[in-house]
Amino acid sequence: MALPSGQSGRLHFHSLPVHDVHAWHGGRQPEPLGETGFGFHVVGGCSDNRHLDHHNYRMQNLSSEQHSTRGVHYKADKEECKMSPATDPGCVCVSEAEEVGDSSTQSDSSEEDDELRWHKMAKGSDVPSEYWHIQKLIKYMKAGNQTATIVSLCCLKDHDLTTEINQTAIRDIGGLEALVNLLETDDIKCKLGSLSVLSEISQNADIRRGITDLGAVPILVIILSDQSRDLQILAAETIANIGKIRKARRAIRKCGGIPKLVDLLDVSNHALTTPFSQLTPQDEEEVRTARAGAKALWSISQSKKNRDTMRKAGCVHLLARLLKSVHGDVVVPVMGTLQQCASENEYQLAVQTEGMVADMVHHLRNDNRELKKLCASAIFKCAQDSVTRDLVRQHGGLDPLVKLAKDISIWDDKPLLAAVTGAIWKCAISPENVHRLDELKTIDTLVSLLSDENGEVLTNAVGGLAECAKFQDNRTEIRTSGGIPRLIMLLNGNNGPMLENVCRVLGECANEADSMDIIQNLDGVRLIWSQLKHPSPAVQASAAWALCPCIRNATDSGEMVRSFVGGLELIVSRLKSTDTNVLASVCAALAKIAQDKESLAVITDHGVVPMLAELVLTDEDILKENLAEAIAYCCSWGVNCHEFGCLGAVTPLVNYMNSKDKSVHRTTAYALHQLSADPHNCITMHQSGVVPFLLKTIGSSDEKLQEASAGCLSNIRKMALATENFNYK
C-alpha cells in the first residue's frame with residue numbers, strides 16, 4: 001500500500017469530506033464500528049510498518065506565519081495542534097505548533113527521551129511490534145488535530161485492546177489521560193471513539209484504577225444523561241468495568257450516577273418480550289441500553305451503600321420487569337444484580353412481593369449455565385426466609401435444582417455446582433421441602449458429592465444433609481448409602497463452614513443406634529471433640545452440640561470420654577468463651593458428661609463449678625436452659641452443691657423462673673431441686689421468693705417440671721420444719 005503521490009515522507013489527509021481521509025487506504029470505504037455505529041473504521045493499513053514507521057512518519061513543523069485560522073484547536077501535553085494548509089491545496093497536514101522559545105530543541109529532546117525509554121524497555125523484554133504501533137498512534141492522537149485524533153482512535157480499535165501488552169502500551173505513554181480528556185470535548189465522534197477504547201481497556205485492573213484516579217467517573221456520569229444512546233451504552237459499559245474497584249463505586253454514588261443507571265433500565269415491554277431479530281433499530285438500542293445499565297448496576301452493587309441507593313432509586317420494580325425478558329444477554333446481568341443484592345433483607349422481601357421467584361425457577365431450566373448459576377445463587381441467599389422456600393417448592397423449583405445436582409456433566413463447573421447445592425441446602429430447612437427432596441432421591445446425590453474437592457460444594461452438600469438428617473428415614477438413608485465414613489473423613493479438613501455442617505450431620509446421625517456404632521468404631525467422637533480446638537466459635541459450638549447425642553448414646557460413654565487425653569480439660573476451658581452459642585453448647589455437653597460420676601470428679605478438679613457460677617448472670621434463654629442443667633448435674637459430687645451457694649449462683653437461678661421459655665423453667669426447677677439439698681441454699685431460695693414460682697410450676701403439664709418443683713418445695717419445707725423444731729426445743 002503506497003502513500004498518495006507527491007506526499008512521501010509526510011502524513012497528509014485529504015481536506016475533502018471527513019470520511020475521505022481513508023482514501024489513502026486503497027480507496028476503501030469507512031465501515032461502522034460495532035453496535036454504537038461509530039464511523040471512521042479504518043480497515044488495515046494503520047498497523048502496517050510501512051505507514052507507522054518511526055522514521056517515515058514525521059510531523060510537519062510549520063512557522064506561525066503558515067498557520068491558518070481555520071480548523072479545530074486541541075491541546076494535549078502542553079502542545080497546541082492546529083489544522084494548517086499544506087503545499088498541496090487539496091491536502092491538510094497534521095502539524096505540531098511551535099511554542100515560544102526554543103521549541104525545536106524541546107521537541108528534539110522529548111523525542112530523544114522517548115527513543116531512549118523505548119530502547120531501554122526493549123532491552124528488558126521482548127516487546128511485540130504492536131506495542132510500538134499503539135504508542136505511535138497515541139502520540140498522533142495527542143499531537144494531532146480533530147481529524148488526526150479520530151483517525152488514531154479508529155486505528156486503535158483495529159488492535160486487540162483486550163490483551164495486556166496493548167493495554168500497557170496505551171497506559172505507558174499517557175494514553176489514559178488523553179482518552180479521558182477527549183470525553184470532555186463537544187465532538188461526538190471523539191467521545192464515541194474514546195469511550196469505545198476505554199470500555200475495552202478498562203477490563204484491566206490497573207487501568208481501571210488509572211481511569212478512576214484521573215477523575216473520569218464524574219464525566220462518565222454526565223455522559224449517562226446524553227441524548228445519544230450510543231454514548232450512554234459505552235459510558236455504562238465503562239462504568240461496569242471500573243465499578244469493580246471500591247474507589248470508583250463510591251465515586252459513582254457520590255456523583256449521583258446510580259439514579260441515572262437505574263433510568264437506563266426503563267425500556268418498553270415490547271422491546272423486552274420480542275425476539276431481537278424482530279426488533280426495530282430503536283428497540284434494539286433500548287435493549288442494548290438496558291443491558292449496559294444492568295451490567296453497571298451489577299458491578300457497583302458490591303457495595304452495601306450502593307445497594308441501598310439502588311433500592312431507593314426504584315431499581316427493584318425495573319429489575320423484576322427485565323427478569324421476564326426473552327433476551328438472555330439482558331437477563332444475565334439483571335440476575336447477577338439481584339443475586340448480589342439478595343443478601344439484604346429488603347431485597348429478599350422484594351423478591352417475594354414482585355413475584356421474581358417464579359422467574360428464577362423458570363430460568364433454572366435455561367441452557368445458559370451462567371444464568372442458572374446466578375438463579376441458584378439468588379435462591380440460596382433468599383431461601384433463608386421461609387416464605388421464599390415455600391414459593392420455590394410451589395413453583396416447582398426443587399425439581400430443576402436436584403436435576404442439576406445429579407447432572408454429572410456440570411460437576412466440573414464448581415461455581416454452578418456450589419450455587420445449586422447451596423440452594424438445595426437452604427430450601428431443605430423447611431420440612432415440606434425435605435419431603436419433596438426425599439421423593440427426588442436427593443440424599444444419594446448429596447452423599448456422592450462428599451467426594452468433591454471444592455470446599456464450597458462440600459459445605460453446601462453437607463449442609464443439605466444436615467437438614468435432611470433431622471428425619472429418621474434420612475438418617476438411615478445416609479448410613480446405608482455410605483455417607484457416615486465419608487463425613488468422618490471430612491473432619492480431618494480445615495474448612496470452618498464445612499466442619500460446622502459435618503458436626504451437625506454426625507450429631508443428628510448419632511441419634512440412631514446403628515449410625516452411632518459406626519461413628520464410635522471409626523473414632524468419629526474423638527474427631528468431633530478435637531473440633532473444640534478450632535478457632536471458629538461456630539465450629540466449636542457445632543462440635544459441642546454434636547457431642548451431646550454422641551455421649552448420650554455411646555456404649556460406655558464415661559470410659560470413652562475419659563479415654564480422650566486432655567479432652568475433659570479442653571471442654572471445661574471452653575467455658576471461658578465469649579460466644580453465647582459456644583457457652584450454651586458446652587454447658588449442654590457438660591450436663592451429659594456429669595452424669596458419669598468419675599467424669600464429674602475429673603471436671604470438678606478442672607474447676608468447672610466456679611466457671612459455671614460466673615455465667616449465671618445472663619439474659620440469653622438458650623444459655624439459661626443449658627447452664628441450669630449443667631449446674632443440676634454437677635451438684636451430685638462432693639461439696640459442689642454447697643460451693644454453688646457460696647459463689648452466689650442460687651439467687652440468679654431463682655430469677656430464671658421469670659423467663660417465658662418453658663424449657664428454662666424445666667431445667668431451672670431441676671437445678672433448684674438439686675441445690676436445695678444444701679440447707680443454706682434452701683434459706684437463700686426462700687429469701688429470694690422462689691416459693692410462688694414453684695407453686696405455679698407444680699401444676700404444669702410437664703411431668704419433669706412437676707417433679708422438680710415438688711422436690712424443691714419438699715426440701716424447703718423440710719428445712720423450715722427442722723428450723724421450727726430446733727427453735728421450739
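Note that the sequence shown covers residues 1 to 729 in the UniProt record's numbering. C-beta atoms are modelled at their ideal positions from N, C-alpha and C, and glycine is treated no differently. None of the values given here were measured: they were computed from a predicted structure.
Classify residue i as helix, strand or coil using the three-state DSSP reduction.
i: residue 365; result: coil
i: residue 132; result: helix
i: residue 142; result: helix
i: residue 4; result: Low per-residue confidence applies at residue 4: pLDDT is 37, beneath 50, and the placement is therefore not dependable, though the value from the model is reported in the following sentence. In this structure, residue 4 counts as coil in the three-state DSSP scheme.
i: residue 535; result: coil
i: residue 379; result: helix
i: residue 409; result: helix
i: residue 159; result: coil
i: residue 354; result: coil
i: residue 214; result: coil
i: residue 644; result: helix
i: residue 488; result: helix
i: residue 740; result: Only positions 1 to 729 of the chain appear in this structure, which leaves residue 740 out of reach.
i: residue 555; result: coil
i: residue 715; result: helix
i: residue 336; result: helix
i: residue 204; result: coil
i: residue 542; result: helix
i: residue 522; result: coil
i: residue 722; result: helix
i: residue 386; result: helix
How should residue i be labelled, buried or exposed, when 16 other C-beta atoms within 10 angstroms of its C-beta is the threshold for buried?
i: residue 233; result: buried
i: residue 610; result: exposed
i: residue 549; result: buried
i: residue 676; result: buried
i: residue 617; result: exposed
i: residue 246; result: exposed
i: residue 59; result: Caution applies to residue 59, whose pLDDT of 34 falls short of 50 and renders its modelled position unreliable; the value that the coordinates give is listed next. Residue 59 is buried by the Cβ-count criterion.
i: residue 722; result: exposed
i: residue 208; result: buried
i: residue 332; result: buried
i: residue 719; result: buried
i: residue 574; result: buried
i: residue 204; result: buried
i: residue 666; result: buried
i: residue 289; result: buried
i: residue 713; result: buried
i: residue 555; result: exposed
i: residue 695; result: exposed
For residue i and residue j, which I take to be in contact (beta-carbon distance under 8 angstroms), what is that distance rounded to the nearest angstrom?
i: residue 664; j: residue 704; result: Rounded, the Cβ-Cβ distance is 13 angstroms, inconsistent with contact.
i: residue 307; j: residue 341; result: 5 angstroms
i: residue 183; j: residue 216; result: 7 angstroms
i: residue 709; j: residue 669; result: 5 angstroms
i: residue 489; j: residue 455; result: Not quite, the Cβ-Cβ distance comes to about 14 angstroms (not below 8 angstroms), so this is no contact.
i: residue 391; j: residue 357; result: 4 angstroms
i: residue 626; j: residue 584; result: 5 angstroms
i: residue 484; j: residue 519; result: 6 angstroms
i: residue 496; j: residue 539; result: 5 angstroms
i: residue 501; j: residue 466; result: 5 angstroms
i: residue 445; j: residue 406; result: 5 angstroms
Determine the extent of the alpha helix (DSSP H) in which residue i is found, giving its start and end residues.
i: residue 289; result: 281-300
i: residue 422; result: 414-427
i: residue 227; result: Careful: residue 227 lies outside any alpha helix (DSSP H) and carries neither H nor E.
i: residue 259; result: 257-263
i: residue 508; result: 496-509
i: residue 468; result: 455-468
i: residue 178; result: 175-182
i: residue 435; result: 431-439
i: residue 620; result: Residue 620 -> no alpha helix (DSSP H), and no H or E assigned at all.
i: residue 693; result: 691-697
i: residue 637; result: Residue 637 -> no alpha helix (DSSP H), and no H or E assigned at all.
i: residue 652; result: 650-655
i: residue 443; result: 442-448
Is any beta-carbon of chain B found at less than 8 angstroms from that of residue i?
i: residue 262; result: Chain labels in this structure do not include chain B; a single protein chain is all it has.
Cβ pair count under 8 angstroms reaching 3, the stretch 288-301 against the stretch 350-368 = No: fewer than three Cβ pairs fall under 8 angstroms.
Validate contact between the stretch 174-193 and the stretch 219-236 using beta carbons, cut 8 angstroms, 3 pairs = Yes: at least three Cβ pairs fall under 8 angstroms.
Inspect the CB distances between the stretch 402-422 and the stretch 369-378 and report whether three or more fall short of 8 angstroms.
-> Three or more pairs of CB atoms, one per stretch, sit closer than 8 angstroms, so the stretch 402-422 contacts the stretch 369-378.
Three or more C-beta pairs below 8 angstroms linking the stretch 362-375 and the stretch 407-417 = A contact exists between the stretch 362-375 and the stretch 407-417.
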